[in-house]
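A.B. asks:
There are 2 protein chains.
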Amino acid sequence: MRIDDAELAARRDSFAAALAGRGLAGAVLFDTQYVHYYTGFFFIPTERPIAFALAADGRGGMLVPRLELEHARANTAVSEVAHYDEYPGERHPMEALRELLAALGIRGALGADADGYPWVFGYRGPGLGEWTHVADLVEDQMAIKSAAEIELLRESCKWANLAHTLLQRYTRPGVSETEVETRASTEANAAMLDAIGPLYRAQSPYYSGAFAGYRGQIGRNAAIPHAHGNNIVFQAGDVLVTGASAPVWGYHSELERTMVIGSPSDEQKRLFDHMHALQTLAVDTIRPGVACAEVDRAVRGYYDQHDLWENWRHHVGHAIGMRYHEGPFLDRGDPTEIRPGMVFTVEPGLYSPTVGGFRHSDTIAVTGDGVEWLTYYPRDLEALTLQL
Amino acid sequence: MRIDDAELAARRDSFAAALAGRGLAGAVLFDTQYVHYYTGFFFIPTERPIAFALAADGRGGMLVPRLELEHARANTAVSEVAHYDEYPGERHPMEALRELLAALGIRGALGADADGYPWVFGYRGPGLGEWTHVADLVEDQMAIKSAAEIELLRESCKWANLAHTLLQRYTRPGVSETEVETRASTEANAAMLDAIGPLYRAQSPYYSGAFAGYRGQIGRNAAIPHAHGNNIVFQAGDVLVTGASAPVWGYHSELERTMVIGSPSDEQKRLFDHMHALQTLAVDTIRPGVACAEVDRAVRGYYDQHDLWENWRHHVGHAIGMRYHEGPFLDRGDPTEIRPGMVFTVEPGLYSPTVGGFRHSDTIAVTGDGVEWLTYYPRDLEALTLQL
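Respectively, the protein sequence lines represent chains S and A.
According to the working numbering, the first sequence is numbered sequentially starting from 2.
According to the working numbering, the second sequence is numbered sequentially starting from 2.
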């Protein structure tokens with residue numbers, strides 16, 4: 002189910018052509034997901050630099066520590082592998098990088114996604130000297146998903162749906178956030194592993210398996226859009242904002258729902274209904290040819306009409322794929338034209354310090370003439386009310 | 002149990018003095034853990050830039066999105082808060098950063114940890130213009146842990162020890178990696194949450210709670226030092242390499258053990274005994290005044306003497322704290338002098354493609370005249386042999 006070698010090669014060809022189009026001799030990429038995107042080589046970043054280099058003629062190479070040498074040599078994206086014994090080691094890894102670039106014949110203008118390997122986990126190292134930022138090329142390419150990528154996102158949605166179903170089933174007054182999250186996530190993940198079998202790979206720097214949870218967005222705490230888990234005990238009357246996903250071969254979907262424990266109050270119902278209308282409006286606005294900004298503006302019009310600005314906290318949504326947030330953004334400041342193959346989360350929210358947070362998030366693919374909902378969990382208040 | 006406000010203020014004072022010592026008017030830090038270190042403000046990085054700025058006179062300020070405004074204003078480290086509505090938004094967040102620097106009176110030479118907010122999660126933005134790298138000052142400061150930090154690392158070790166105890170207890174032939182990891186981690190984490198109570202905070206970008214697991218380092222797969230989980234089913238005769246930790250208020254310990262299912266073979270015993278001797282030698286070499294490189298060289302001497310180079314894959318260890326790897330490194334290329342308050346993982350390993358991996362990792366604090374083992378799980382082969 003992973004992205005096949007032919008698709009990886011096509012990605013590299015496209016990137017090499019874009020580099021040549023900018024008059025660059027090649028580029029070096031340090032970002033773990035950029036490397037994964039072009040090579041299928043997955044790693045968790047540490048202080049030991051890893052980089053993928055691509056010459057404008059299409060030849061690829063990798064810089065790896067000794068630990069990863071066999072792994073890199075087995076990768077079909079790569080004709081040259083440079084390695085270093087260790088970090089810091091006796092010879093700085095950036096010396097091996099220079100040799101790699103020379104071996105690939107990258108002698109002219111160099112593109113890169115950063116000025117050298119970033120200083121993470123104690124790594125210290127020099128910049129690249131002269132270089133040109135090309136992360137925009139990578140980002141633009143990653144923004145248009147292929148059929149195989151959308152299939153992986155559909156697979157992610159399926160297991161997120163299972164985790165969320167269990168989360169809703171197990172949530173009731175008196176039990177704690179952690180207890181419910183752990184049970185729902187454990188069971189959903191076990192089912193996913195048994196269903197897909199040993200070929201399954203998460204390949205995610207963020208998540209190790211299918212999960213659903215609350216991140217502390219419970220009751221009045223749900224007024225904080227990105228709260229952190231606090232192991233809160235559920236009470237009747239709580240408004241809950243959920244989150245569920247599952248990493249599959251590096252791809253992530255997003256499913257979020259607003260739920261209420263017991264019969265909703267009038268104010269809970271009012272905010273829920275506005276949130277539902279906002280999300281429907283946003284999805285109805287998305288289609289090829291429309292600017293991302295236009296979707297945010299349409300939604301902002303609804304906040305205007307219904308006097309909801311005190312409940313606004315964030316824009317409508319963002320693209321999603323190998324990163325759980327990525328560009329373009331459904332934001333009035335993003336003029337990017339929406340195109341088939343883009344995949345967005347759509348999640349306008351309403352937040353009240355006294356009542357809580359109200360947000361659904363669905364993962365929506367742009368098709369030739371409209372959208373396809375990749376997530377399919379019920380959205381209506383009746384289905385999301387937990388009976389006491 | 003979190004680091005108190007007085008200690009956070011002392012950290013900022015020390016950093017401000019170091020900035021002044023370099024002739025800088027102030028600095029801006031984008032790294033999530035650098036911000037956390039100086040302010041106690043924890044966030045998970047996204048496309049919405051967050052930054053902490055410190056003037057050389059000691060005044061602090063933060064740049065945050067609207068979402069985090071109340072959270073930032075409540076922080077005692079900060080006298081100025083600049084915010085932007087959203088990313089991308091109508092006004093680029095870096096304009097608000099410029100205003101923040103002006104409000105703090107940072108007008109001369111600027112220090113920073115990166116050339117602007119890094120391009121993650123779809124963020125795109127300009128560099129800082131003229132700036133000086135000061136991440137080395139931050140790293141040097143973070144390398145010396147206070148008594149309160151070491152207390153948090155001890156707390157982390159305690160819950161890692163519980164998770165590891167359960168991991169060992171539940172591991173047996175026929176059950177799968179995921180099943181055992183999930184059960185051990187869930188129970189250990191639930192116990193930690195119930196023991197520490199509602200004041201517990203993980204504040205980790207890496208881990209959400211106490212855990213122990215295998216990352217696929219089972220049988221011959223254990224020959225890959227940083228394998229990824231594959232949901233392998235345990236078999237008699239397997240060599241296993243474990244890993245356990247628990248995030249507590251942003252701090253992480255590291256505990257790893259080599260275990261064998263059933264009576265060890267002669268070759269398993271031979272490699273285990275060498276690994277045990279290597280780790281003992283490494284710990285015995287660590288003391289104030291010795292160079293980090295010296296520890297690696299002593300261990301390398303043992304590989305020489307016993308003809309073990311084909312089983313070598315990595316250096317002896319690394320510092321640990323807010324990041325699960327950080328500098329300095331117990332590596333022949335790191336001349337840093339070992340000082341009281343440094344905390345290292347000590348984990349020389351031996352790897353055989355036919356037998357598997359052999360590595361213990363302990364978390365060791367440097368004291369005034371030697372070391373203190375913060376981890377305390379049994380290290381001997383008898384205790385780590387799983388009886389059939």
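All residues carry an ideal CB built from backbone N, CA and C; glycine is no exception.
Select from ALA237/A, ASP195/A, ALA28/A the residue whose C-alpha is nearest the C-alpha of THR172/A.
C.D. replies: That would be ALA237/A, whose Cα lies nearest to the Cα of THR172/A.
A.B. asks: Here's the rule I'm using: 16 or more other beta-carbon atoms within 10 Å means buried, otherwise exposed. How should LEU168/A be labelled?
C.D. replies: The residue is buried, with at least 16 neighbouring Cβ atoms inside 10 Å.
A.B. asks: In chain S, which residues lie less than 8 Å from ARG67/A when you measure between Cβ atoms?
C.D. replies: Under the 8 Å cutoff, chain S gives ARG314, HIS315.
A.B. asks: Consult DSSP for GLY302/A and reduce its assignment to one of helix, strand or coil.
C.D. replies: Correct three-state label for GLY302/A: helix.
A.B. asks: Which value, in whole angstroms, describes the spacing of the CA atoms of THR364/A and THR376/A?
C.D. replies: Cα-Cα distance, rounded: 6 Å.
A.B. asks: With distances taken from CA atoms, which of TYR252/S, PHE235/S, THR133/S, ASN162/S is nearest PHE212/S?
C.D. replies: The shortest Cα separation from PHE212/S among TYR252/S, PHE235/S, THR133/S, ASN162/S belongs to ASN162/S.
A.B. asks: I'd like the list of long-range same chain contacts for TRP268/S, defined as Cβ closer than 6 Å, with 5 residues on each side in sequence excluded.
C.D. replies: One point to set straight first is that residue 268/S is Glu, not Trp, in the sequence displayed. Excluding sequence neighbours, GLU268/S sits near VAL356.
A.B. asks: Determine the closest residue to THR183/A out of SER353/A, ILE145/A, GLU87/A, ASN232/A, with distance taken between C-alpha atoms.
C.D. replies: That would be ASN232/A, whose Cα lies nearest to the Cα of THR183/A.
A.B. asks: Just the Cα atoms here: how many angstroms apart are TYR118/A and TYR88/A?
C.D. replies: Distance between the alpha carbons of TYR118/A and TYR88/A is about 12 Å.
A.B. asks: Taking the straight line between their C-alpha atoms, what separation do you get for GLU152/A and SER186/S?
C.D. replies: Answer to the nearest angstrom: the Cα atoms are 32 Å apart.
A.B. asks: For the beta strand (DSSP E) containing HIS326/S, name the first residue and the last one.
C.D. replies: It is not in any beta strand (DSSP E) - HIS326/S carries neither H nor E in the DSSP assignment.
A.B. asks: Where are the alpha helix (DSSP H) runs, 4 residues long or more, that stay fully inside the stretch 171-212 of chain S, in chain order?
C.D. replies: Listed in chain order, the complete alpha helix (DSSP H) runs (minimum 4 residues) inside the stretch 171-212 of chain S are 178-197.
A.B. asks: Have a look at SER209/S, GLN204/S, SER205/S, THR243/S and flag the residue whose alpha-carbon is nearest the alpha-carbon of ALA223/S.
C.D. replies: If we check each option's Cα against that of ALA223/S, THR243/S comes out closest.
A.B. asks: I'd like the list of long-range same chain contacts for TRP120/S, defined as Cβ closer than 8 Å, with 5 residues on each side in sequence excluded.
C.D. replies: Only GLY126 meet the Cβ criterion.
A.B. asks: Do THR281/S and ALA299/S count as a contact pair if the criterion is CB distance below 8 Å?
C.D. replies: No, they are not a contact pair.
A.B. asks: Relative to chain A, which residues along the stretch 97-131 of chain S have a C-beta separation below 9 Å, given in chain order?
C.D. replies: Within the stretch 97-131 of chain S, the residues whose Cβ lies closer than 9 Å to some Cβ of chain A are ASP114, ALA115, ASP116, PRO119, TRP120, VAL121, PHE122, GLY123, TYR124, ARG125, GLY128, listed in chain order.
A.B. asks: Within 8 Å of any Cβ in chain A, is that where the Cβ of ASN231/S sits?
C.D. replies: Taking Cβ atoms only, chain A reaches closer than 8 Å to ASN231/S, which makes this a yes.
A.B. asks: With distance defined between alpha-carbon atoms, name the residue in ALA189/S, ASP32/S, ARG380/S nearest to ASP274/S.
C.D. replies: Closest option to ASP274/S, Cα to Cα, is ARG380/S.
A.B. asks: Note down the Cα distance separating GLU327/S from SER254/S, rounded to an integer number of angstroms.
C.D. replies: So the two alpha carbons sit approximately 12 Å from each other.
A.B. asks: Compare the C-beta of ALA73/A against all C-beta atoms of chain S and say whether one is closer than 8 Å.
C.D. replies: No, no contact with chain S.
A.B. asks: Quick check on the DSSP output: the alpha helix (DSSP H) that includes MET343/A runs from which residue to which?
C.D. replies: It is not in any alpha helix (DSSP H) - MET343/A carries neither H nor E in the DSSP assignment.
A.B. asks: In terms of alpha-carbon separation, which member of SER266/S, LEU105/S, ILE145/S, ASP195/S lies closest to ALA26/S?
C.D. replies: Checked all of SER266/S, LEU105/S, ILE145/S, ASP195/S; the closest Cα to ALA26/S is LEU105/S.
A.B. asks: On the DSSP letters alone, give me the boundaries of the alpha helix (DSSP H) that LEU309/A sits inside.
C.D. replies: No alpha helix (DSSP H) holds LEU309/A; DSSP gives it neither H nor E.
A.B. asks: Within 10 Å of its beta-carbon, does LEU413/A have 16 or more other beta-carbons around it, so buried, or fewer, so exposed?
C.D. replies: As displayed, chain A neither begins before 2 nor continues past 389, which places residue 413/A out of reach and without an answer.
A.B. asks: Taking a Cβ distance cut-off of 8 Å, strictly less, list which residues of the stretch 253-287 of chain S are near chain A, in chain order.
C.D. replies: Of all residues in the stretch 253-287 of chain S, none has a Cβ within less than 8 Å of some Cβ in chain A.
A.B. asks: Can you have a look at GLN34/A and say buried or exposed, based on whether 16 or more other CB atoms are within 10 angstroms of its CB?
C.D. replies: With 16 or more other Cβ atoms within 10 Å, it is buried.
A.B. asks: Starting from TYR38/A, follow the alpha helix (DSSP H) in both directions and report where the run begins and ends.
C.D. replies: Its alpha helix (DSSP H) spans residues 33-40.
A.B. asks: I need the straight-line Cα distance from LEU102/S to GLY112/S, nearest angstrom please.
C.D. replies: If I take the Cα positions, the gap works out to 11 Å.
A.B. asks: According to DSSP, what are the bridge partners of PHE359/A?
C.D. replies: LEU351/A.
A.B. asks: Touching or not, the stretch 137-157 of chain A and the stretch 243-252 of chain A, by the rule of three or more beta carbon pairs under 8 Å?
C.D. replies: The stretch 137-157 of chain A is in contact with the stretch 243-252 of chain A.
A.B. asks: Can you tell me whether PRO199/A is buried or exposed? The criterion is at least 16 other CB atoms within 10 Å of its CB, across all chains shown.
C.D. replies: PRO199/A is exposed by the Cβ-count criterion.
A.B. asks: Within the 8 Å Cβ cut-off, does LEU168/A reach chain S?
C.D. replies: By this cut-off, LEU168/A is not an interface position.
A.B. asks: If ALA52/A sits next to LEU64/A, beta carbons under 8 Å apart, how far is it from one beta carbon to the other, in whole angstroms?
C.D. replies: Contact holds; Cβ gap of about 4 Å.
A.B. asks: By the criterion of Cβ-Cβ separation under 8 Å, what are the contact partners of HIS326/S in chain A?
C.D. replies: By Cβ distance, chain A contributes THR47, GLU48, PHE122, GLY123.
A.B. asks: Does the Cβ-Cβ distance between VAL372/S and ARG314/S come in under 8 Å?
C.D. replies: Not a contact, by the Cβ cut-off of 8 Å.
A.B. asks: Going by DSSP in three states, MET276/A sits in which element: helix, strand or coil?
C.D. replies: It is helical.
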